[in-house]
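Here is the structure we will look at, set down as structure tokens.
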Amino acid sequence: MTSSMMIFYLLAALLVLSSLMVVFQRNVVHCAMALVAALFLIAILFVTLQAAMVGVLQILVYAGAIMVLFLFVIMLLNPTALEPRRGLSWGFGMLVALLLAGALAALVSHNEAPADPFAATELFGAPESLAKSLFTDFVLPFEIASVLLLIAIVGAVVLAKREHN
Amino acid sequence: MVPLNHYLILSAAIFAIGVVGVVIRRNLIVVLMSIELMLNAVNLTFIAFSRFLGSMEGQVVVFFVMAVAAAEAVVGLAIIISVFRHRQSLDPQEMQLLKW
Amino acid sequence: MTDVNLVPLLPATQVLLTALVVLLLDLFYQEGEKGLLAWVSLLGLALCAGETLFLWGSQESAFGDAVMLDNFALFFTQIFLGAAALTILSSVHYIRQAEIHEGEFYALVLFATTGMILMAAAKDLIVFFLALETMSIAVYILTGIWRASGRSSEAAMKYFLMGAFATGFLLYGIALIYGATGSTHLNEISNYLIESPEDWPPYLIGGALLLLVGFAFKVGAVPFHFWVPDVYEGAPTPVTGFMSVAVKAAAFAAWARILMHQLAPLDSDWAFPLWVLAIITMTLGNLLAISQASVKRMLAYSSIAHAGYLLVALVVGEEWGGLPLLFYLLTYAFMAFGAFAVITALAETEQSPEDYRDFSGLGFKHPFLGMAMTLFMLSLAGFPPLAGFAGKFYVFRSAVLSGHLALAIIGVLNSLLSVIYYLRVIVAMYMEEGGAEGKSFRQAPYLYIAIGLAALGTLYLGILPARALEWSRVAFLSLD
């Protein structure tokens, strides 16, 4: 077993563990913390896949911005009560999980992956090449994404703003 | 080098865990977190394929998925706040229309 | 990349600019004098409609074939524009009464329309995905925009969670298709499918099936329908009309372009699941609609059933199903929108008036509303010579001609079943005593205009469908 394999298995085990904690912890704040850990681990996995720039964005955008928003809302609403356990639906949930995981794993695992992937150049995954794709081939989606963010801003204001009266 | 397969199975597992969270949790904020987890699993699939196909496209897509996830989180949390104002609860079972 | 062709984006840009203008103008007017905003929105939509007529017949692509402006896109753009315009007309009075912020409401309708227009034109899965999200997020907000109503917020929550959940599946599907074909571009994907037939990795099929699940969620097909009744019930009624007409049309537009046309080589893999989906969607939608006490919920289930009839056209496939699909969506737009607009026209009491008994006696008290609702109900049930009959006729005819006799028979039987609950509304309006209250013409003139337009459309498409059929045919043939 090579060192890269060992690193992968370590990251994968931690990722699965933290994802399970997101779903099965009863305290919301603990869930949020586990999610931060999961997002961080995914960012590291991105780096091992030569997507350093995306990994950095992952930490900045997800762990930095989105998770802070989550924690902010948790503090604002302060839902102290722990969720009641529901025996039946937890069992049902596990069943769904196993079935879905099995189906997905079966779907993705039959492929004959190229043993030696494309020798990536140094530029692969670098900010330059990402930016170049973004502003040439993908300039239209980029503009649509800006509209999307504008809508989200308008929506957040309309839905969450306190009325004056 | 870790084979592509491993990454795909890992992200399938994370996706499935996210789905379970959506199905069983009774706290709207955690349900939203589980959806974020699902999107992240998909991102991992994209990045893995991008590396093994040698195409930057997958990485750019992840950039857009992050933008979408951010927009969804903002709107979702705003809706959660407005629901909370009416019901003082985050448990879907205590609401009229949200039961499932 | 020196010369960028912006023509294919013209309709979407027009609507987007209108939305931005409305959003900005909103800042300069006080509450109570914002009537102008509706007119600005309608003007923008009318300009865009003019552009679509002018551009009819063009076949332009841009941004490396990421969007395609063909008759197919233009046909759907016209449906979206019509639905948006009718929604705005029918909500002028409603949102003032419910104290919904006018500027944001109109702007969000326009933003959603922008997303829909791009969805119908998208030739790249990423453009499609972002356009879908643009539409969906705007509609989530519209669903919850009536802040005084707890039901509106809850409906928005449910819609949002189910929508985001479906987005996850859709995106996973896109990821697997990208992995298998090496591209998100539909032309390259279909080239790959044609050039290397049958030599596909299993996750390509998996990706296509996940995409199918995502779409089934969006159109509300059984068994992914459970959010539909609650969301339709809780949303402000004009928004419900917009959802049932425009959002559904947009989802079917993308479905037709992406799955039915571009990924056609994968047909054999989803033909059977789709066949099952069509049958259970029609049947369950109709059976559940019968037992509802609320007309709004009944219409929600009936919209599920209509999604089932539309799925029949998708099962039938490109060769026969294209024209009926487009024509049916056009006819459905008028009749479904009209039905929801009549509910909007019922007077507000403490509870939202949407039960059958809120309709009792309406036919005598408000003859126009009664007549219009009768027309829409008969059309939805599929009585000739109304639009609904023509739509169903061509869908079931295509099923028979392409050899899907069982589907056609089940469809017709379902259609007969649906008569029960549509007639119940008419019976309540004309044969039951009751104190139905409606808004008078003087109270809500624009709403009456919207209902009138929808009724005219329903009659016109039923009696003289030839021109619309020709449009649908030309539109579907323009897919390349």
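Chains as they are written, first to last, in the working numbering: chain V, 1 to 165; chain H, 1001 to 1100; chain S, 2001 to 2480.
Glycine included, every Cβ here is placed at the ideal spot set by N, Cα and C.
Taking only beta-carbon atoms, is residue i less than 8 Å away from chain V?
| i | result |
| --- | --- |
| Thr2143(S) | no |
| Tyr2203(S) | yes |
Counting C-beta neighbours from all protein chains within 10 Å, is the total for residue i 16 or more, i.e. buried, or is it exposed?
| i | result |
| --- | --- |
| Trp2039(S) | exposed |
| Met2001(S) | With a pLDDT of only 48 at Met2001(S), under 50, the local geometry of the prediction cannot be trusted, and the value read off the model is given with reservation. Result: exposed. |
| Leu2281(S) | With the sequence shown as reference, residue 2281(S) is identified as Thr, and Leu is not the correct amino acid for it. Counting Cβ neighbours within 10 Å, Thr2281(S) comes out buried, since at least 16 surround it. |
| Leu2053(S) | exposed |
| Asn78(V) | exposed |
| Met6(V) | exposed |
| Ala2466(S) | exposed |
| Leu95(V) | exposed |
| Gly91(V) | exposed |
| Met1001(H) | exposed |
| Leu2263(S) | buried |
| Asn2191(S) | exposed |
| Pro2324(S) | buried |
| Arg2442(S) | exposed |
| Pro2293(S) | Here residue 2293(S) is Ala; the residue named in the question, Pro, does not match the sequence. By the neighbour-count rule (16 or more Cβ atoms within 10 Å), Ala2293(S) is not buried but exposed. |
Distance, Cα to Cα, residue i vs residue j?
| i | j | result |
| --- | --- | --- |
| Pro1092(H) | Leu2212(S) | 28 Å |
| Arg2397(S) | Ile2410(S) | 13 Å |
| Val1068(H) | Leu2130(S) | 8 Å |
| Ala2084(S) | Met2116(S) | 11 Å |
| Ala1041(H) | Leu2453(S) | 47 Å |
| Ile42(V) | Gly2220(S) | 33 Å |
| Val2342(S) | Arg2424(S) | 15 Å |
| Ala2250(S) | Leu2479(S) | 16 Å |
| Leu2016(S) | Ala2046(S) | 13 Å |
| Glu2060(S) | Gly2321(S) | 25 Å |
| Trp2255(S) | Leu2171(S) | 15 Å |
| Leu2009(S) | Phe2075(S) | 15 Å |
| Gly2179(S) | Leu2209(S) | 15 Å |
| Ile144(V) | Gly2363(S) | 47 Å |
| Phe2063(S) | Gln1059(H) | 19 Å |
| Ser2041(S) | Ile2079(S) | 16 Å |
| His30(V) | Phe1084(H) | 21 Å |
| Ser1082(H) | Gln25(V) | 25 Å |
| Thr2237(S) | Ser2152(S) | 10 Å |
So, with DSSP's three-state summary, where would you put residue i?
| i | result |
| --- | --- |
| Ser129(V) | helix |
| Ser2294(S) | strand |
| Ala2372(S) | helix |
| Ala1942(S) | There is simply no residue 1942(S) to check, as chain S begins at 2001 and stops at 2480 in what is shown. |
| Leu2069(S) | strand |
| Gly2173(S) | helix |
| His2225(S) | coil |
| Leu123(V) | coil |
| Asp2480(S) | coil |
| Gly2403(S) | coil |
| Gly2179(S) | helix |
| Asp2124(S) | strand |
| Glu2318(S) | helix |
| Leu2346(S) | strand |
| Gly2050(S) | helix |
| Ser2061(S) | strand |
| Asp2269(S) | helix |
Are the C-beta of residue i and some C-beta of chain S separated by less than 8 Å?
| i | result |
| --- | --- |
| Gly1021(H) | no |
| Val1068(H) | yes |
| Leu1010(H) | no |
| Ala38(V) | no |
| Ala51(V) | no |
Going along chain H, which residues have a C-beta under 7 Å from residue i?
| i | result |
| --- | --- |
| Met5(V) | Val1002 |
Step through the CB atoms of chain H and report whether any lies within less than 8 Å of the CB of residue i.
| i | result |
| --- | --- |
| Ile2126(S) | yes |
| Ala2164(S) | yes |
| Met2001(S) | Any reading at Met2001(S) must be qualified, since the residue scores a pLDDT of 48, below 50, and its modelled position is unreliable; the value itself is stated next. Met2001(S) does not count as touching chain H. |
Which residues in chain V sit within 8 Å of residue i, going by Cβ to Cβ distance?
| i | result |
| --- | --- |
| Gly2064(S) | Asp137 |
Name, please, each residue of chain S whose Cβ falls closer than 8 Å to the Cβ of residue i.
| i | result |
| --- | --- |
| Pro141(V) | Ala2066, Asp2124, Ile2126, Val2127, Leu2130 |
| Leu57(V) | Under the 8 Å cutoff, chain S gives no residues; its nearest Cβ is about 17 Å from Leu57(V). |
Which residues in chain S have a C-beta closer than 7 Å to the C-beta of residue i? List them in chain order.
| i | result |
| --- | --- |
| Met1095(H) | Glu2154 |
| Val54(V) | Residues of chain S passing the Cβ test: none, with the nearest at roughly 14 Å. |
| Val1065(H) | Leu2171 |
Mind listing the chain H neighbours of residue i? Cutoff is C-beta to C-beta under 9 Å, in chain order.
| i | result |
| --- | --- |
| Ala2289(S) | Within chain H, no residue comes near Ala2289(S); the closest Cβ sits about 18 Å away, beyond 9 Å. |
| Gly64(V) | Neighbours of Gly64(V) on chain H: none; closest Cβ ~11 Å, over 9 Å. |
Starting from the beta carbon of residue i, find every residue of chain V whose beta carbon is closer than 9 Å, and list them in chain order.
| i | result |
| --- | --- |
| Leu2108(S) | Ile151, Val154, Gly155, Val158 |
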